[in-house]
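Novice: Chains as they are written, first to last, in the working numbering: chain A, 4 to 318; chain B, 21 to 272. This is the structure, below, for whatever I ask next.
As structure tokens, then:
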């Protein structure tokens with residue numbers, strides 16, 4: 004009897020998905036759908052929070068007051084995105100702090116791009132232009148994701164991301180058209196971020212173990228390779244327009260397909276960084292863990308004080 | 021002319037307070053004790069950098085030598101920065117950062133309230149814009165005083181240590197010299213006397229509620245207002261000015 008019910012529930016669930024009806028927190032959902040969303044949304048939240056570090060790095064060294072204010076506002080937005088996304092994770096019955104602990108123990112992943120260092124001011128341009136640009140490609144389709152809270156959070160996130168992308172492009176194009184030193188700074192940064200940015204879409208479709216099921220559930224609406232191609236097609240002409248050279252001697256435009264074709268992507272590097280062997284993996288996770296450990300006494304004090312107030316108000 | 025020199029100096033002092041404290045608070049970005057506080061600290065820093073921009077741009081206008089806010093913020097030597105010693109002190113733990121903020125916010129609120137009536141229209145406008153955010157900052161820092169002071173034994177002892185170590189810098193908040201005296205006479209800025217009393221009443225009431233004790237050692241450290249700083253400012257400037265010094269005369 005129970006078996007039949009579950010089959011029936013699954014059928015109705017899939018029917019809703021097929022009819023583009025949003026799944027809400029109180030609706031029945033298969034356990035694997037729930038777990039997939041917890042994994043994906045918490046990784047997304049962690050990426051926002053870890054992503055604050057490589058940019059936070061340059062706030063004290065921003066070259067003028069306007070850039071400093073814009074960078075602060077941008078990093079603050081990222082913290083805000085992290086907050087909505089952790090809230091979305093909580094609607095699935097997961098505990099925010101437990102998912103954060105998974106990040107700190109290395110069990111949960113975050114976007115590998117943040118394991119690369121930001122060594123020049125131009126990297127603030129590259130991150131906005133390429134990294135946020137790639138993130139938008141990934142996230143715009145999630146606005147139509149089958150899970151309501153994630154889809155709605157993504158609508159707001161995407162609006163802010165497009166502002167981030169524009170400010171990044173503004174930084175890099177100003178440099179690319181600036182003095183010889185600035186131009187060199189822009190190109191050097193672009194050389195470092197181009198390949199990691201196109202790897203942000205994840206492994207090729209043939210090697211992506213979650214894609215098929217996620218597409219069926221409409222958690223994901225496009226494959227990794229489709230999104231990567233869209234990003235490349237948009238970004239190459241932008242780079243050419245501002246006079247930067249794509250660091251790929253094999254790059255060519257295929258007139259028949261209307262798409263750019265890149266040289267081979269170094270997937271060994273990608274998997275090494277995912278495994279934890281990128282240039283900054285340890286620094287990033289250590290910084291997050293340290294923030295939590297150093298803040299323990301503050302959180303304990305806030306709880307103790309709240310408890311005292313409760314007792315006082317009750318008496 | 022004399023008035024302009026004094027007004028320039030005064031606006032510069034205020035602008036430097038916002039700039040250097042904004043810089044310090046921004047060092048927290050990504051490292052706060054909880055995500056909500058990370059957002060709050062970044063927001064406070066952003067407000068302070070905004071104030072610094074308005075004030076230093078205005079200082080440049082008063083000076084009339086063609087320097088804009090960026091030239092003033094990034095291209096002076098250490099002795100030319102006129103911020104309070106308080107604001108350049110290191111962040112320490114979250115409690116020390118909040119203690120520094122609390123002393124400063126309590127002062128700034130009283131100052132901005134009075135500057136609303138300044139005969140200098142631009143200064144009154146900046147005060148109006150800054151007062152609203154300063155009230156939020158003060159509410160935030162005051163609440164943390166109480167939570168940390170009256171929280172756990174550990175938080176009480178940590179925040180008391182911060183109070184003990186920062187108290188000696190608070191007298192400088194009320195520093196006055198001929199710059200101030202002449203501007204007071206012209207109705208451009210308020211006298212510090214009333215402000216100091218009111219500040220002490222407010223600060224004492226919050227610290228009492230927080231079960232903390234104000235140090236009895238009244239030794240004072242001053243110097244920032246005349247450009248004599250602690251060792252910390254040089255390191256702040258090394259970061260703040262890095263791009264402008266390494267790549268001079270470029271647009272960013």
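Virtual Cβ for every residue (Gly too), placed ideally from N, Cα, C.
1) How many Å lie between residue 115/A and residue 206/B at the Cα?
2) Please classify residue 262/A: does DSSP put it in a helix, a strand, or coil?
3) DSSP state of residue 256/A, grouped into three classes?
4) Going by the CB atoms, is the gap between residue 165/A and residue 245/A shorter than 9 Å?
5) Along the segment 176-189 of chain A, what residues have a CB closer than 9 Å to any CB found in chain B?
6) In angstroms with no decimal places, state the Cα-to-Cα distance between residue 4/A and residue 11/A.
7) Classify residue 248/B as buried or exposed, calling it buried when 16 or more other Cβ atoms lie within 10 Å of its own Cβ.
8) Going by the CB atoms, is the gap between residue 47/B and residue 104/B shorter than 9 Å?
9) Does any CB atom of chain A fall closer than 9 Å to the CB of residue 109/B?
10) Ordered along the chain, which non-local residues of its own chain (more than five positions away) have a Cβ less than 6 Å from that of residue 64/B?
11) Give the range of the alpha helix (DSSP H) segment to which residue 295/A is assigned.
12) Starting from residue 26/A, follow its DSSP beta bridges and name the residues at the other end.
13) Rounded to the nearest angstrom, what separates residue 147/A and residue 244/B at their Cα positions?
14) Residue 288/A to residue 102/B, Cα distance in whole Å?
15) Threshold first: 4 residues or longer. Then list the alpha helix (DSSP H) segments lying entirely within the segment 41-66 of chain A, N to C.
16) Note down, in chain order, all residues in the segment 281-309 of chain A with a beta-carbon under 9 Å from any beta-carbon belonging to chain B.
17) Please list, in chain order, the residues of the segment 64-93 of chain A that have any C-beta partner in chain B closer than 7 Å.
18) Which class does residue 294/B belong to by DSSP, given the choice of helix, strand or coil?
19) Under 8 Å: do the segment 27-35 of chain B and the segment 41-48 of chain A share three or more Cβ pairs, one atom per stretch?
20) For residue 235/B, name the three-state secondary structure that DSSP assigns.
21) Within its chain, find whatever has a CB closer than 8 Å to the CB of residue 281/A; leave out the 5 residues flanking it on each side and keep chain order.
22) Which residues in the same chain have their Cβ closer than 7 Å to the Cβ of residue 42/B, if we skip the five residues on either side of it in sequence?
23) May I ask you to verify whether the segment 193-202 of chain A touches the segment 216-226 of chain A, counting CB pairs closer than 8 Å and requiring at least 3?
24) Hey, is residue 53/B's beta-carbon within less than 9 Å of any beta-carbon in chain A?
25) Can you check whether the C-beta of residue 174/A is within less than 9 Å of a C-beta belonging to chain E?
26) Alpha carbons only, please: which of 77/B, 146/B, 189/B is nearest the one belonging to residue 109/B?
27) Measure from the C-beta of residue 116/A to each C-beta in chain B and report whether the shortest distance is under 9 Å.
28) The alpha helix (DSSP H) spanning residue 120/B covers which residue range?
29) Checking contacts by CB at 9 Å: is residue 59/A closer than that to chain B?
30) Residue 124/A CB to nearest chain B CB: under 9 Å?
31) How about residue 56/A: is its C-beta nearer than 9 Å to some C-beta of chain B?
32) Say whether chain B places a C-beta atom closer than 9 Å to the C-beta of residue 110/A.
33) Is it true that the segment 126-136 of chain A meets the segment 156-174 of chain A, where meeting means three or more beta-carbon pairs spaced less than 8 Å apart?
34) Given a cut-off of 9 Å on the beta-carbon distance, is the pair residue 222/A and residue 145/A in contact?
35) Should residue 93/B be flagged as near chain A, meaning a C-beta pair shorter than 9 Å?
Specialist: Based on what the coordinates show:
1) 60 Å
2) strand
3) strand
4) no
5) 177, 178, 181, 182, 184, 185, 188
6) In this prediction, residue 4/A has a pLDDT of 49, which is less than 50 and means its spatial position is unreliable; what the coordinates show is noted afterwards. Each residue's Cα considered, the two are about 11 Å apart.
7) exposed
8) no
9) no
10) 45, 157
11) 284-297
12) 150/A
13) 56 Å
14) 38 Å
15) 55-59
16) 290, 291, 293, 294, 295, 297, 298, 299, 300, 301, 302, 303, 304, 305, 306, 307, 308, 309
17) 64, 66, 67, 68, 70, 71, 72, 75, 76, 78, 79, 82, 83, 85, 86
18) Residue 294/B lies beyond the residue range present for chain B, which begins at 21 and ends at 272; the question has no answer from this structure.
19) no
20) coil
21) 115, 118, 119, 275
22) 65, 68, 69, 72
23) no
24) yes
25) Of the chains in the structure shown, none is chain E; the protein chains are A and B.
26) 189/B
27) no
28) 114-135
29) yes
30) yes
31) yes
32) no
33) yes
34) yes
35) yes
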